[in-house]
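K.L.:
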Amino acid sequence: MAEPDAAGALPALPARAARALERQRLVGRILAPLWIPLAAAAMRGLLGWRLEGAREARARYRRLRAESRAPLLVCANHLTLVDSFLVAWALGAPAFFVRDYGALPWNVPEAANFAVRWWSRALVYLMKCIPVRRGGDRREAALVLARVAHVVRGGDAALLFPEGGRSRTGRVDVGAAAYGVGRLVKALPGCLVACVYLRGEGQRTWSDFPRRGERFRVALSVLEPKSDAAGLRGSREIAREILERIAAMEADALARK
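The opening position of the sequence shown corresponds to residue 13 in this note's numbering, with each subsequent residue numbered one higher.
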């Protein structure tokens, strides 16, 4: 991610970029009755994945969407390349997302992983993705955050991973808190964060993909992170608060195992 300026403010999003996001959302929304059920069917039917705790997490997420109009970010632990799809699946059934398309989170995948070939770029476009090139141009990375802020201000949810990448230890690393998530929260007054902890029973450490037939446990907790500090320090404090909550959820999940 780009280094913040002294104030930590996000750059203004050009009108052309805002219109492009609106077109992207419209295309995905029109085709949602097709691609959302197909994605869920592939995870459950083709790959044999199962969710434990999804009923409670989905009910909590539905209430959150129904009862609050505050900006909403979803933050989760990160172990595989497909965590964005798994987290979305854990938060709602296909019919829910078709009805409330804004509840389906936008996500920010690594362009090198998901936006290389034409067909993968088409899927990324359809599936509410805003690709980012990690370690790339600072201005470009800052504009990615500005794009995310724009869609969240418009009423959509967005998913980010506060660790900035897949955990190499297999556990939530509070010390790896990246400032990008905190910077985004500070740009969205009153922002709520739905913290999600999701892990496959056979997932010992990070990997590209979960095993076929994997059973995932999921939990959700909501908080409104805050910091009185300005700039980089405040952004990091917020990101750390979010990761501390997810780490506590991990400790609870492992204790119940």
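Positions of the beta carbon are idealized from the N, C-alpha and C atoms, including for glycine.
Across the stretch 39-57 and the stretch 206-223, are there enough close Cβ pairs to call them in contact, namely three or more that are closer than 8 Å?
P.N.:
no
K.L.:
Tell me whether Asn125 sits in a helix, a strand or coil according to DSSP, three-state version.
P.N.:
One-based indexing of the sequence shown puts residue 125 at position 113. Reduced to three states, the DSSP call for Asn125 is helix.
K.L.:
To the nearest whole angstrom, what separates the beta carbons of Trp118 and Val160, a pair I think is in contact under 8 Å?
P.N.:
Residue 118 sits at position 106 when you count from the first residue of the sequence shown. Residue 160 sits at position 148 when you count from the first residue of the sequence shown. With 8 Å as the limit, Trp118 and Val160 qualify as a contact, their Cβ atoms being about 7 Å apart.
K.L.:
Output the residue ranges of the beta strand (DSSP E) runs that lie fully inside the stretch 59-119 and measure 3 residues or longer, sorted by chain position.
P.N.:
62-64, 84-88
K.L.:
Is the distance from the Cβ of Arg70 to the Cβ of Gly114 below 9 Å?
P.N.:
Within the sequence shown, the letter at position 58 stands for residue 70. Within the sequence shown, the letter at position 102 stands for residue 114. Not a contact, by the Cβ cut-off of 9 Å.
K.L.:
Looking at Phe228 and Trp61, is the spacing between their C-beta atoms short of 9 Å?
P.N.:
For the purposes of this step, residue 61 is taken as residue 49 along the sequence shown, with counting starting at 1. For the purposes of this step, residue 228 is taken as residue 216 along the sequence shown, with counting starting at 1. In this structure, Phe228 lies closer than 9 Å to Trp61 by Cβ.
K.L.:
Flag this pair as yes or no: are the beta carbons of Met55 and Leu116 separated by less than 9 Å?
P.N.:
Numbered from 1 along the sequence shown, position 43 holds the residue referred to as residue 55. Numbered from 1 along the sequence shown, position 104 holds the residue referred to as residue 116. Not a contact, by the Cβ cut-off of 9 Å.
K.L.:
So Ile258 and Val184 are supposed to be a Cβ contact under 8 Å. How far apart are they, rounded?
P.N.:
Position 246 of the sequence shown, counted from the start, is the residue given in the question as residue 258. Position 172 of the sequence shown, counted from the start, is the residue given in the question as residue 184. About 5 Å separates the two Cβ atoms, so the contact holds.
K.L.:
State the start and end residues of the unbroken alpha helix (DSSP H) segment that holds Gly243.
P.N.:
The count along the sequence shown starts at 1 and reaches residue 243 at position 231. That run of the alpha helix (DSSP H) goes 243-268.
K.L.:
What do you get for Trp101, buried or exposed, if any count of 16 or more other CB atoms within 10 angstroms of its CB means buried?
P.N.:
In the sequence shown, residue 101 corresponds to position 89, counting from 1. With 16 or more Cβ atoms within 10 Å of its Cβ, Trp101 is classed as buried.
K.L.:
Looking at Ala188 and Ser179, is the spacing between their C-beta atoms short of 9 Å?
P.N.:
Taking the first residue of the sequence shown as position 1, residue 179 is located at position 167. Taking the first residue of the sequence shown as position 1, residue 188 is located at position 176. In this structure, Ser179 places its C-beta atom within 9 Å of the C-beta atom of Ala188.
K.L.:
According to DSSP, is Ala21 helix, strand or coil?
P.N.:
Looking up residue 21 in the sequence shown gives position 9. If DSSP states are grouped into helix, strand and coil, Ala21 belongs with coil.
K.L.:
Note down, one range per segment and in chain order, each alpha helix (DSSP H) of at least 4 residues found wholly within the stretch 190-245.
P.N.:
191-198
K.L.:
Select from Ala199, Glu79, Val144 the residue whose C-alpha is nearest the C-alpha of Leu244.
P.N.:
Residue numbering aside, residue 244 sits at position 232 when the sequence shown is read from its first letter. Of the listed residues, the one whose Cα sits closest to Leu244 is Ala199.
K.L.:
For a test of the three-state rule: what should DSSP assign to Val184, helix, strand or coil?
P.N.:
Taking the first residue of the sequence shown as 1, we reach residue 184 at position 172. Three-state result, Val184: coil.
K.L.:
If I measure Cβ to Cβ from Ser80 and keep anything under 8 Å in the same chain, skipping five residues before and after, which residues do I get?
P.N.:
Residue mapping note: residue 80 aligns to position 68 of the sequence shown, counting from 1. Excluding residues within five positions, the ones whose Cβ falls inside 8 Å are Leu204.
K.L.:
Alpha carbons only, please: which of Leu232, Arg248, Ala251 is nearest the one belonging to Glu64?
P.N.:
The sequence position of residue 64 within the sequence shown is 52, counting from 1. The candidate whose alpha carbon is nearest that of Glu64 is Leu232.
K.L.:
With three or more beta-carbon pairs closer than 8 Å as the criterion, would you say the stretch 149-160 touches the stretch 189-197?
P.N.:
yes
K.L.:
What are the residues that DSSP puts in a beta bridge with Ala170?
P.N.:
The residue labelled residue 170 in the question sits at position 158 within the sequence shown. Paired residues: Leu85, Trp118.
K.L.:
If I follow the unbroken alpha helix (DSSP H) through Ala27, where does it start and stop?
P.N.:
Position 15 of the sequence shown, counted from the start, is the residue given in the question as residue 27. Element bounds for Ala27: 27-53.
K.L.:
On the premise that Cys207 lies in contact with Met261, defined as a C-beta separation below 8 Å, what is that separation, rounded to the nearest angstrom?
P.N.:
Taking the first residue of the sequence shown as position 1, residue 261 is located at position 249. Taking the first residue of the sequence shown as position 1, residue 207 is located at position 195. The C-beta separation of Met261 from Cys207 comes to about 7 Å, placing the pair in contact by the 8 Å criterion.
K.L.:
So, under 8 Å CB-CB, Ala190 and Glu175 are touching, yes? Tell me the CB distance rounded to an integer number of Å.
P.N.:
Looking up residue 190 in the sequence shown gives position 178. Looking up residue 175 in the sequence shown gives position 163. Going by Cβ atoms, the distance from Ala190 to Glu175 rounds to 7 Å, so yes, they are a contact pair.
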